[in-house]
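One structure below.
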Amino acid sequence: MDTKKRANSQDFVRAEGGFCAKNYHPLPVVVERARDCLVWDVDGREYLDMMSAYSAVSHGHLHPRLVAAAQRQLDKVAVTSRAYYSTTLGPFLEKLCTRAGFERALPMNTGAEAVETAIKCARRWGYRVKGLPDECAEILVARQNFHGRTTTAISASSEPDYRAGFGPFTPGFRYFDFGDMASVRAATTSETCAVLVEPIQGEAGIVLPPEGFFRELRDWCSEQHILLILDEVQSGLGRTGRWFAFEHEGIRPDGLILGKALGGGLLPVSAFLADAAVMDVFTPGSHGSTFGGNALAAAVGLEALRVMEDENLVARSAALGEYLLKRLRAVQAAGQPLIRAVRGRGLWVGVEVDPAQASARDLVERLARRGVLSKETHETVIRFAPPLTITRALIDQAVEAFEAVVLEKQAELAVNSVAAPAVLATPAAPVALRRRAPTAAAKLDESAPHLLMSPPDFFEVAYTINPWMNPEQWALDAKQLSQDAHAGWAALKATYEALGAKVVVKPAARGWPDLVFTANCAVVLDGKAILARYLNAERAGEQAHGERMFEQLRARGEIDWLHRTPEGVYFEGAGDAIYDAGRRLMWMGYGQRSCRSAHHTIEQVFGIPTLSLELVDPRFYHLDTCFCLLSGGEVIYHPGAFSEQGRAQIQALVGAQLIEAPAEDAEHLGVNSVCVGRDVVMCHCSPALRQQLEARGYRIHVVPLGAFNRSGGAAYCLTLKLNNLYRGRGAVVEGERRWAEAA
Ligand SMILES: Cc1ncc(COP(=O)(O)O)c(C=O)c1O
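In our numbering, the protein residues as written are 584 to 1326.
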């Protein structure tokens, strides 16, 4: 290559093509630099990265915190080998094990090496723990799996392209059909030591398991004393909208393989995780890797996990994944028969193309020409797996480009079809495609709400625990305010009932004036309640009362389970945990009354992705004072209540459905509202806000709640919804079982 003149794409393609082994078929895009979700080629063209290096770049390209962590470590030491200890490996593995719920982790570099580690571990466990005779242990693997490219990994593969010409193969694998328990049972022998399987088959075309398959597989493995090992190299670490894809299945595996995103898009970092009873079959000298767990990799891996937590990347993946799926399904509906299926979980979506109409590769190349990078898998599936930092606006851009590609291809197919002249004159399918995908993230939630309220019989402003409270002022006019409180509360209840809600009334108790604010006493989802743990001593006494009240609800069958956050982890119920059915996540507020770590309890008990937002203004001390979710997916919010990062996250997820509350409404607690279908019940609504809401098809019902405003509360605070559904009543998640045991 002539290095004197400025080289262009063609020069680099020629150079790489000339000297590099031809084991890949890259798209003709020469990437020179990248930042977050964007990539630029050597000719200066910009692309949106919807592939993120097969999920290795889940944090976005060159995340500044990851680059800084790497640079800090590069000033100290990079590679020590495991001949010595380092200051970074212990903290990294502790964080990883705690996050995934395992006792031990064995660090490696690439995904394939971690798979090899798991296979070695399973075999040794088979001999030393299960008691199998030497040299006979078998591992069951799914047909169409992908576990990497080493000789052993391809020995476990059923794909001719991966295997041809590379035999002889490692023995000891037997196949079953993914998703088919009968086939698992038939493949199991007395010598089976493990099942090794991807929770979602990625390279096979993002193939999801049938409902219940993994629960049955888990039970089968436990019964047969077989290890269940999940390869989450691609599906793990937020890609599917959960930290780990096994969380969707309500199970816990015996071994977990991670890679790709664990290196934060900077380095190859992988690991195999298991409990001591399994992992301790490894003894010094039995397994290792010179680079595995090096100090630099561990520093980056630790920061990668922290960034994932701090930036709510898992909950973003859940919410934006729903959005991406919906938008692609709209393209599919109009793009038939070219697009046969759209499937996925979180920000991991496969679009299946009818091979009789087009190849996935053809569409991927056209998409790249329109500035969007994706990648085919096999001939028929286009994969979309953007960085988890992507925004709704960028998803819109990608889907619009894809829609244009589908349009273009359909128009060509129409021209080439038998009825060419007529189709040319009126291209029916492309016109249909021009219909825009619905912008609403959520379907209108029409289910009649089931609400808990408590009358203001002993309500007064007796102490000051937020800036709205002023006991002296209240005392001046206590009688009138108490009457106003009763009138406002009764009007609110009547309004809810007129809108079809069922209201359960719980008696008030003398001495606990804030009991009236039922939103704070718990949050309820799928019949499970997480009860409050109040920060302020003034309200702490409400806890026992709340528990009694919920015990009664449980006795009546209104609630199934009661949970609480761990000691010292404050949490003020639905006021700080707003369930978003459309985006399938929990929005959580922290920093004033609730602790950030309460989101672990929410995630574990409900099994729901939780997006935590820091509240920075003491006047907006609960999320419900500055964030109101409407049933069509719109969010009314008060930007000043959130940190800059929180604002950016809300904007990225809610996009055009975001409604900024005028200061007047925020300051009158108008954001503290309740939406029932298309009706919004509010204590205050400025003309500007009313106009915005009505333009979106909502009806406004203003109920004066001035007496409660003096305590910093309004409609939402006075209401607790008992019938939120996510997985459905009775759903038990593995995390919940473990959490309940720990409690
Ligand atoms: C499920 C799964 N396992 C293992 C691997 C291999 O990882 P690596 O390419 O880092 O060796 C991959 C890579 O795509 C994968 O998707």
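Where a beta carbon is used, it is the ideal one built from N, C-alpha and C, also for glycine. Please read these numbers as outputs of a predicted model, since none were measured by experiment.
Item                                                                                                                             : Value
Where P743 sits in the DSSP three-state scheme                                                                                   : helix
Any non-hydrogen atom of ligand 1 closer than 7 Å to Q807 Cβ                                                                     : no
Neighbourhood of G785 by C-beta, 6 Å cutoff - its chain only, sequence neighbours within 5 removed                               : Q817
Cβ neighbours of T1047 in the same chain (closer than 6 Å, five flanking residues each side left out)                            : none
Under 8 Å between C-beta atoms of G1223 and R1279                                                                                : no
Y1079 (DSSP reduced to helix, strand or coil)                                                                                    : helix
Contacts around G1295, its chain only, beta-carbon distance under 6 Å, and the 5 residues preceding and following it disregarded : N1049, W1051
At least 3 beta-carbon pairs within less than 8 Å: the region 835–844 vs the region 693–700                                      : yes
Sub-8 Å separation of L813 and A777 beta-carbons                                                                                 : no
Separation of Q654 from A661, as counted between CA atoms                                                                        : 10 Å
Nearest-angstrom beta carbon gap, R1273 and I1283 [assumed within contact, 8 Å]                                                  : 6 Å
heavy atom of ligand 1 below 7 Å from T693 C-beta                                                                                : yes
Buried/exposed call for K958, threshold 16 Cβ in 10 Å                                                                            : buried
H808, buried or exposed, once every other Cβ within 10 Å from all chains shown has been counted against 16                       : exposed
Residue from A1102, L996, R975, R889 whose Cα sits closest to the Cα of H1033                                                    : A1102
Own chain partners of E1155 with C-beta closer than 7 Å, once the 5 adjacent residues on each side are dropped                   : N1103, A1115, Y1117, R1176, S1177, H1205
Near ligand 1: K843 beta-carbon under 7 Å from a heavy atom                                                                      : yes
DSSP three-state assignment for I1185, whether helix, strand or coil                                                             : helix
Chain-order list of residues whose beta-carbon lies under 7 Å from that of A898 (same chain, five-residue window excluded)       : L1168, P1192, T1193, L1194
Residue span of the beta strand (DSSP E) that contains F756, given as start and end                                              : 756–759
Helix, strand or coil at W1072 according to DSSP, with G and I counted as helix                                                  : helix
Start and end residues, beta strand (DSSP E) containing Y630                                                                     : 629–632
Buried versus exposed call for L1016 [16 or more other C-beta atoms within 10 Å across all chains shown]                         : For L1016, the predicted model reports a pLDDT of 29, less than 50, meaning its position is unreliable; a value from the coordinates is still stated below. By the neighbour-count rule (16 or more Cβ atoms within 10 Å), L1016 is buried.
Span of the beta strand (DSSP E) around W1144                                                                                    : 1144–1147
Same chain only: Cβ atoms within 8 Å of L996, ignoring 5 sequence neighbours per side                                            : L921, Q940, A941
Given Y1079 as reference, the closest of A981, G1140, G1260 once Cα atoms are compared                                           : G1260
Contact the region 677–688 vs the region 911–921: 3+ CB pairs below 8 Å                                                          : no
Member of G750, N1307, L800 whose CA lies at the smallest distance from the CA of F759                                           : L800
Option nearest L1288 by Cα separation, candidates Q1275, K1304, C1268                                                            : C1268
Uninterrupted beta strand (DSSP E) stretches inside the region 610–693 (no shorter than 3 residues)                              : 614–618, 621–624, 629–632, 687–691
Whole runs of the alpha helix (DSSP H) within the region 1218–1262, excluding any shorter than 4 residues                        : 1227–1237, 1246–1250
Sheet register partners of E935 (DSSP bridge)                                                                                    : A924, V964
For A1120, the nearest candidate out of T670, N877, W1095, D979 (CA to CA)                                                       : W1095
Proximity winner among H642, A739, L689, relative to L856 (alpha-carbon distances)                                               : L689
Contact set for S638: own chain, Cβ-Cβ below 7 Å, skip 5 residues either direction                                               : Q817, R822, K843, A844, A968
Straight-line Cα distance separating A1246 from A1239                                                                            : 20 Å
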